[in-house]
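Beneath this line is the structure, given in structure tokens, with notes to follow.
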Amino acid sequence: MGKAKKGPKFAVMKKVVTKKAIKNFSYKEEVLNPKKKDPSKEKLPRNVPNVSSALFFEYNTALGPPYPVLVDTNFINFSIQNKCLLGIGFECTPCITDCVMAELEKLGQKYRVALRIAKDPRFERLLCTHKGTYADYCLVERVTQKVAGVKAVPF
Numbered sequence: 005m006g007k008a009k010k011g012p013k014f015a016v017m018k019k020v021v022t023k024k025a026i027k028n029f030s031y032k033e034e035v036l037n038p039k040k041k042d043p044s045k046e047k048l049p050r051n052v053p054n055v056s057s058a059l060f061f062e063y064n065t066a067l068g069p070p071y072p073v074l075v076d077t078n079f080i081n082f083s084i085q086n087k088c089l090l091g092i093g094f095e096c097t098p099c100i101t102d103c104v105m106a107e108l109e110k111l112g113q114k115y116r117v118a119l120r121i122a123k124d125p126r127f128e129r130l131l132c133t134h135k136g137t138y139a140d141y142c143l144v145e146r147v148t149q150k151v152a153g154v155k156a157v158p159f
């Protein structure tokens, strides 16, 4: 035969903190000073991105004409809608990454004019080594890592 099941306990008392637990110094400090921070926890390494030395005084001193401008899919589409040039002829060289080209190809027949503009030989082509075709992260990484580069944003 098995053991009989025990029913619920009534009038159960709370556990009392023992003297051994109070003697433990770290436990005592936590109880007495809950807001006090542990110095060993404060010395964790921080994750700070590396910044180029050309950006010492908030301005990128490595930039100079002709300025490399990273062009996004949205920027090409807005320039077509507003019938304005993409910086051709100014003191800049528009740069298009493989991700942007892949996004334009994925959009299909509706954006074939934007794709033809992007394939213009006056645009500089940049190779991507990362996985996937999402251009936004790629362009942001290029601007933060590279010394020279400006990202074009439609208004």
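Residue numbers (the numbering used here): 5 to 159. Even for Gly, the Cβ is constructed at its ideal location relative to N, Cα and C.
- Nearest in C-alpha terms to Lys135, of all of Lys23, Ala106, Asn86, is Ala106.
- With contacts defined by Cβ atoms closer than 9 Å, Thr97 and Val73 form a contacting pair.
- Lys18 and Lys9 have their C-alpha atoms spaced approximately 23 Å apart.
- Per DSSP, Arg129 is one residue of the beta strand (DSSP E) stretching across 128 to 130.
- Beta bridge pairing from DSSP links Thr97 with Pro72.
- Rounded to whole angstroms, Ala139 and Gly112 show a C-alpha spacing of 17 Å.
- Lys7 sits in coil when the DSSP states are folded into three classes, being neither helix nor strand.
- Distance between Phe94 and Cys142, taken at the CA atoms: about 25 Å.
- Arg146 is a Cβ neighbour of Thr101, given a cutoff of 9 Å.
- Closest in alpha carbon position to Arg126, among Asn54, Val52, Gly6, Pro70, is Pro70.
- By alpha-carbon distance to Ala122, the top candidate from Val104, Lys114, Asn54 is Val104.
- Val20 and Pro12 have their C-alpha atoms roughly 21 Å apart.
- A distance below 8 Å between beta-carbons, with the five flanking residues on each side excluded, links Cys132 to the following residues of its chain, in chain order: Thr101, Asp102, Cys103, Cys142.
- Within its own chain, the residues whose Cβ lies closer than 8 Å to the Cβ of Leu108, once the five positions on either side in sequence are excluded, are Thr77, Ile80, Tyr115, Ala118, Leu119, Ala122, listed in chain order.
- In the three-state scheme derived from DSSP, where H, G and I count as helix and E and B as strand, Lys18 is classed as coil.
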